[in-house]
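Q: My numbering numbers the first residue of the sequence shown as 65 and each following residue consecutively.
Can you read through this structure? Questions will come right after.
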Amino acid sequence: MSLLGLSVFISADIEGTAGVVSLLQCVPGEAEYEMGKRLMTGEVNAAVQGAIDAGASRIVVCDAHANMQNILPEQLLPEAELVRGAIRDSLQMQGIDDTYDALFVTGAHAAAGTHRGVLDHSWVSRMVYNIRIDGATLNEPCLNAITAGYYGVPLVMVSGDCAMVEQTKAVMPDVRGAVVKEGYSRYCARSLHPERARALIRETAREALENLEQFKPVSAPNP
65 MSLLGLSVFI SADIEGTAGV VSLLQCVPGE AEYEMGKRLM TGEVNAAVQG
115 AIDAGASRIV VCDAHANMQN ILPEQLLPEA ELVRGAIRDS LQMQGIDDTY
165 DALFVTGAHA AAGTHRGVLD HSWVSRMVYN IRIDGATLNE PCLNAITAGY
215 YGVPLVMVSG DCAMVEQTKA VMPDVRGAVV KEGYSRYCAR SLHPERARAL
265 IRETAREALE NLEQFKPVSA PNP
């Protein structure tokens, strides 16, 4: 199967990034926010490179955290385009449509209330405790997969903490997961070194895209 010409959409969050364990690394203006942005951008680049390795020719990255202005544009690989900035109609999936072949979600975290989920929450933590569809609690990658599925695009790869990957694969067993850290609590985790985390993400992204025929879009029932 030739993969030349494939289009990949990447929704990038920050809390699931290796080394990120505190709101100090996630909130603009906080002491370690610049570190968080660098670590996030590095993992996004790893996913981009994995897609390139598999032959993708169009890669669009959607900054999907907080004010949506976290990825460092000058450090992003030039092969990727960047959706950046707030005031959106599709939150973490701004720009997705039926021209894409696959969805990656990087830097992802578990749903609110997940045991040992690092920085676990569901969208806006001060406003939303949990999100359920047909009684099932869904994390953000699963919700993003439903959005992509509306356009016929499958979620093929996620990266983040162990709890998130397990939670996502419980809903979509075929999804490839790159576990870059394991949580001990909401604010404590054992992380891979950033270089090892990026190598794992790159390889997982490449392998997922090279096996694209194994994935199917997901959908949710109409209300």
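Every residue gets a Cβ at the ideal spot worked out from N, C-alpha and C, and that includes glycine.
Per DSSP, what kind of secondary structure is residue 233 in: helix, strand or coil?
A: Here residue 233 sits in helix by DSSP.
Q: Between residue 104 and residue 172, what straight-line distance do the alpha-carbon atoms span, to the nearest angstrom?
A: Whole-angstrom Cα-Cα distance: 11 Å.
Q: Return the chain-ordered list of same chain residues with a C-beta closer than 6 Å to the C-beta of residue 199, the five sequence neighbours on each side being excluded.
A: If we look at residue 199 and ignore the five residues flanking it on each side, it has no Cβ neighbours.
Q: Am I right that residue 235 and residue 220 are in contact with their C-beta atoms under 8 Å? What's the rounded C-beta distance?
A: Between residue 220 and residue 235 the Cβ distance is about 14 Å, and since that is not below 8 Å, they are no contact.
Q: With H, G and I counted as helix, E and B as strand and the rest as coil, what does DSSP make of residue 146?
A: Three-state DSSP puts residue 146 in a strand.
Q: Any contact of the region 166–184 with the region 225–234, i.e. 3+ C-beta pairs under 8 Å?
A: Taking 8 Å as the limit for Cβ pairs, the verdict is that the region 225–234 does touch the region 166–184.
Q: What does DSSP give as the partner residue(s) for residue 114 in the beta ladder?
A: BP columns for residue 114 are empty, so no partner.
Q: Out of 244, 262, 277 and 211, point me to the one whose CA is closest to residue 161's CA.
A: The option with the nearest alpha carbon to residue 161 is 211.
Q: Determine the closest residue to residue 125 out of 141, 119, 188 and 118, with distance taken between C-alpha atoms.
A: Among 141, 119, 188 and 118, the Cα nearest to that of residue 125 belongs to 141.
Q: Residue 101 by DSSP, collapsed to three states: which one?
A: Three-state result, residue 101: helix.
Q: Residue 77: buried (16+ other C-beta within 10 angstroms of its C-beta) or exposed?
A: When all chains shown are included, residue 77 counts as buried.
Q: Can you tell me the Cβ-Cβ gap for residue 208 and residue 133, rounded? I've got them flagged as a contact below 8 Å.
A: Contact doesn't hold; Cβ gap of about 19 Å is too wide.
Q: For residue 248, name the three-state secondary structure that DSSP assigns.
A: DSSP places residue 248 in strand when its eight states are reduced to three.
Q: For residue 180, which of helix, strand or coil comes out of DSSP?
A: Residue state, collapsed to three classes: coil.
Q: What first and last residue would you give for the alpha helix (DSSP H) that runs through residue 207?
A: Where residue 207 is concerned, the enclosing alpha helix (DSSP H) stretches over 204–214.
Q: What did DSSP end up calling residue 67 once you bin it into helix, strand or coil?
A: Only weak support exists for where residue 67 lies, its pLDDT of 49 falling under 50; the value from the coordinates is given anyway. Coil.
Q: Near residue 163, which residues of its chain fall below 7 Å by C-beta distance, leaving aside the five closest residues on each side in sequence?
A: The answer, listed in chain order, is 71.
Q: Just the C-alpha distance for residue 275 and residue 90, rounded to the nearest angstrom, thanks.
A: So the two alpha carbons sit approximately 33 Å from each other.
Q: Whose CA, out of 149, 112, 152 and 119, lies closest to the CA of residue 169?
A: Nearest C-alpha to residue 169: 112.
Q: Kindly indicate which residue of 74, 98, 75 and 136 has the alpha-carbon position closest to the one of residue 84.
A: Residue 98 is the option with its Cα nearest to residue 84.
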